[in-house]
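When we follow this note's numbering, the leftmost residue of the sequence shown carries the number 3, and every step to the right adds one. This report refers to the structure that appears directly beneath it.
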Amino acid sequence: MVSLRGNNNNVVAARAEGEGGGRERLIAVAIDRDKPSRYALKWAIENVVSSSNQTLKLVHVKSRPSTSLLPFPAWSEETQPDAQTAELFLPFRCYCLRRHVQSEVVVLEDSDVAKALVEYVSRHAVDTLLLGTASRNSFSRLFKGTDIPNTILKYTPDYCNVYVVGKGKAVSVRSATRPVPNLVTIEEMAQLDTLNHSSGTYDELSTCENDFSRPNSGRLSTDSSFLSFYEDLGLGRMSDSSVSLHFEDDEMSLQSSTFQSALAHESAMQDGEGSMSQSPCLAEAVEEEMLRTKLELKRTIDLYHAACKEAIRAKQTVRDCHKYQNELEKKLQEARSSEQAALAAMEKEREKCKMAAKAQRLTGEEVGKRLDAEKKAYKEVEYWSLFHIMVVLIFFYVYFIYLN
Numbered sequence: 003m004v005s006l007r008g009n010n011n012n013v014v015a016a017r018a019e020g021e022g023g024g025r026e027r028l029i030a031v032a033i034d035r036d037k038p039s040r041y042a043l044k045w046a047i048e049n050v051v052s053s054s055n056q057t058l059k060l061v062h063v064k065s066r067p068s069t070s071l072l073p074f075p076a077w078s079e080e081t082q083p084d085a086q087t088a089e090l091f092l093p094f095r096c097y098c099l100r101r102h103v104q105s106e107v108v109v110l111e112d113s114d115v116a117k118a119l120v121e122y123v124s125r126h127a128v129d130t131l132l133l134g135t136a137s138r139n140s141f142s143r144l145f146k147g148t149d150i151p152n153t154i155l156k157y158t159p160d161y162c163n164v165y166v167v168g169k170g171k172a173v174s175v176r177s178a179t180r181p182v183p184n185l186v187t188i189e190e191m192a193q194l195d196t197l198n199h200s201s202g203t204y205d206e207l208s209t210c211e212n213d214f215s216r217p218n219s220g221r222l223s224t225d226s227s228f229l230s231f232y233e234d235l236g237l238g239r240m241s242d243s244s245v246s247l248h249f250e251d252d253e254m255s256l257q258s259s260t261f262q263s264a265l266a267h268e269s270a271m272q273d274g275e276g277s278m279s280q281s282p283c284l285a286e287a288v289e290e291e292m293l294r295t296k297l298e299l300k301r302t303i304d305l306y307h308a309a310c311k312e313a314i315r316a317k318q319t320v321r322d323c324h325k326y327q328n329e330l331e332k333k334l335q336e337a338r339s340s341e342q343a344a345l346a347a348m349e350k351e352r353e354k355c356k357m358a359a360k361a362q363r364l365t366g367e368e369v370g371k372r373l374d375a376e377k378k379a380y381k382e383v384e385y386w387s388l389f390h391i392m393v394v395l396i397f398f399y400v401y402f403i404y405l406n
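Okay, structure coming up:
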């Protein structure tokens, strides 16, 4: 058994050498319990597999109930199939061994078979996909709700050759229109997804930080305690008193630093009052600058208060979520306790049923013994009755003979 999840990087990297790099073709055959799957495998080995060194992927999709409430993705790959799935693969692998063709087992799990196969082709850049189908007359009846072959023919990437095989021949063929593109390894794609997710998460924080820290425009910048407050808020480890105290400290530090800068600016203006009185234009410019500074200060404080209110709302939301989670855990614990009690009661009832069955069996044995004893006694009584009758008859016979 080859672990697919553990070898994803090697397989994709070996097939990512480029269009002219002599990469190994990846051929996959959809496997199920029906005869068309065997026809598809036989046709693939006879017509598609070029050498015995080429590995053939045997892909099977295990269906599971579709639900939108599951937190995990709808498509997954199993590294080790269970006993039932291994039994399903056994005749196909034996046939590959008889034909001297290497094979690997791939088990997918999805509520939609066609979607799982198409996603597998897209993820692993499969060159050729083969699947079996029933006859044309029974095909529409068999897949009345879901036309799997046509869906795969329609949505499979255009670099994949698709063969639909029925009764030893290709019923439908869709050839590839372009070569398989170069792919990065699965680990690199996962790192890119993680990097994109991280950058998307911190863009919001950087935007908020830029709004509150713009030294070039003359705005006041917040201190590190404000950002640390948000970090502690996200982790949910702050108490209500520490939150309110933190807000008061930040507000006081912001206002004190703002007023200190305003007082310093005003004292500088008072020092140069003699020179500015000689220039009315300069006085008006200073007054406009002070008005603009006051408006900027007011706007900054308003933004700060809005951010504090938003943080309080977020904290309340987190608290409500924790409360709801605790309630759910309590209900789950109660349900488990009820289930255990029900199982215990069921076990007691089972023991009672066993005892009753045993008592009934013993009673039946006793009744059987009594019936046997009664039959035996009845036979003995009947025997002695016949014996007495015979004795009486002999007695009367002898008596009448002597009389005569």
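All residues carry an ideal CB built from backbone N, CA and C; glycine is no exception.
Contact belief for alanine 42 with valine 51 at Cβ below 8 Å, rounded distance in angstroms: Their Cβ separation, rounded to whole angstroms, is 12 Å, which puts alanine 42 and valine 51 out of contact at 8 Å.
Counting Cβ pairs closer than 8 Å, one from the segment 44-60 and one from the segment 123-138, do we hit at least three? Taking 8 Å as the limit for Cβ pairs, the verdict is that the segment 123-138 does touch the segment 44-60.
Between which two residues does the alpha helix (DSSP H) holding arginine 176 run? Not the alpha helix (DSSP H): arginine 176 falls in the beta strand (DSSP E), residues 171-176.
Is it the case that the Cβ atoms of proline 159 and valine 123 are separated by a distance below 8 Å? When the beta-carbon positions are compared, proline 159 and valine 123 come within less than 8 Å of each other.
Of the residues Glu121, Val103, Asp34, Met292, the one placed nearest arginine 89, counting alpha carbons only: Before going on, a small fix: residue 89 reads as glutamate here, not arginine. Relative to the Cα of glutamate 89, the nearest Cα in the group Glu121, Val103, Asp34, Met292 belongs to Asp34.
Helix, strand or coil for glycine 276? Go by DSSP, reduced to three states. At glycine 276, the pLDDT of 47 sits below 50, so the modelled position is not reliable; the number obtained from the coordinates is stated separately. Annotated three-state conformation of glycine 276 is helix, per DSSP.
Would you check if the distance between the CB atom of leucine 28 and the CB atom of serine 105 is smaller than 8 Å? The answer is no: Cβ separation not under 8 Å.
Can you list, in chain order, the residues of its chain whose CB lies under 6 Å from that of arginine 95, leaving out five sequence neighbours each side? Cβ within range, chain order: Ser105.
Using DSSP with H/G/I as helix, E/B as strand and the rest coil, what is valine 63? Valine 63 falls in the strand class under three-state DSSP.
Any idea what DSSP makes of alanine 30, helix, strand or coil? Residue state, collapsed to three classes: strand.
Candidates Leu155, Thr179, Ala136, Asp149: which alpha carbon is nearest lysine 171's? Answer by Cα proximity: Ala136.
Residue from Asn55, His324, Cys162, Arg176 whose Cα sits closest to the Cα of asparagine 152: The shortest Cα separation from asparagine 152 among Asn55, His324, Cys162, Arg176 belongs to Arg176.
Does aspartate 149 come out as helix, strand or coil in the three-state DSSP assignment? Look at aspartate 149 here: in three-state DSSP terms it is coil, with no helix or strand label.
Close beta carbons around tryptophan 386, own chain, < 6 Å, minus the five adjacent residues each side: None.
Going by C-alpha to C-alpha distance, which of Leu99, Tyr157, Tyr97 sits closest to glutamate 121? Answer by Cα proximity: Tyr157.
First and last residue of the uninterrupted beta strand (DSSP E) at threonine 130: The continuous beta strand (DSSP E) containing threonine 130 extends over residues 130-134.
Nearest-angstrom Cα distance between asparagine 328 and cysteine 355? Using only the alpha carbons, I get a separation of about 40 Å.
For leucine 99 and proline 1, the rounded distance between their alpha carbons: Past the edges of the chain, shown from 3 to 406, lies residue 1, and the structure says nothing about it.
Could you give the C-beta distance for valine 164 and valine 108, rounded to a whole number, given that I count them as a contact under 8 Å? About 17 Å; that fails the 8 Å criterion.
Report back the beta-carbon spacing between valine 115 and valine 63 to the nearest angstrom; my notes put them in contact at under 8 Å. Contact flag correct, Cβ pair sits at about 5 Å.
What number of angstroms, rounded off, separates the C-alpha of valine 394 from the C-alpha of alanine 379? So the alpha carbons of these two residues sit roughly 22 Å apart.
Straight-line Cα distance separating leucine 92 from alanine 85: C-alpha separation (whole angstroms): 10 Å.
Which ranges would you report for the beta strand (DSSP E) in the segment 338-368 if only whole runs of at least 3 residues count? Along the length of the segment 338-368, whole beta strand (DSSP E) runs at least 3 residues long do not occur.
Beta-bridge partners of serine 54, as assigned by DSSP: Answer is none; serine 54 lacks a bridge partner.
Cα-Cα separation between leucine 334 and glutamate 111, rounded to whole angstroms: In a straight line, the C-alpha of leucine 334 is about 28 Å away from that of glutamate 111.
Using the beta-carbon count (16 or more within 10 Å), is cysteine 162 buried or exposed? By the neighbour-count criterion, in which 16 or more other beta carbons inside 10 Å mark a residue as buried, cysteine 162 falls on the buried side.
CB serine 174 to CB serine 113, shorter than 8 Å? When the beta-carbon positions are compared, serine 174 and serine 113 stay at least 8 Å from each other.
Minimum C-alpha distance to serine 54 - residue among Glu341, Lys44, Arg101: Closest in alpha carbon position to serine 54, among Glu341, Lys44, Arg101, is Arg101.
Cα-Cα separation, leucine 373 to glutamate 351: CA-to-CA, the gap between leucine 373 and glutamate 351 works out to about 32 Å.
The beta strand (DSSP E) that contains tyrosine 165, what's its start and end? Here the beta strand (DSSP E) through tyrosine 165 covers 163-168.
Valine 383 classed as buried or exposed, judged by whether at least 16 other C-beta atoms fall within 10 angstroms: Counting Cβ neighbours within 10 Å, valine 383 comes out exposed, since fewer than 16 surround it.
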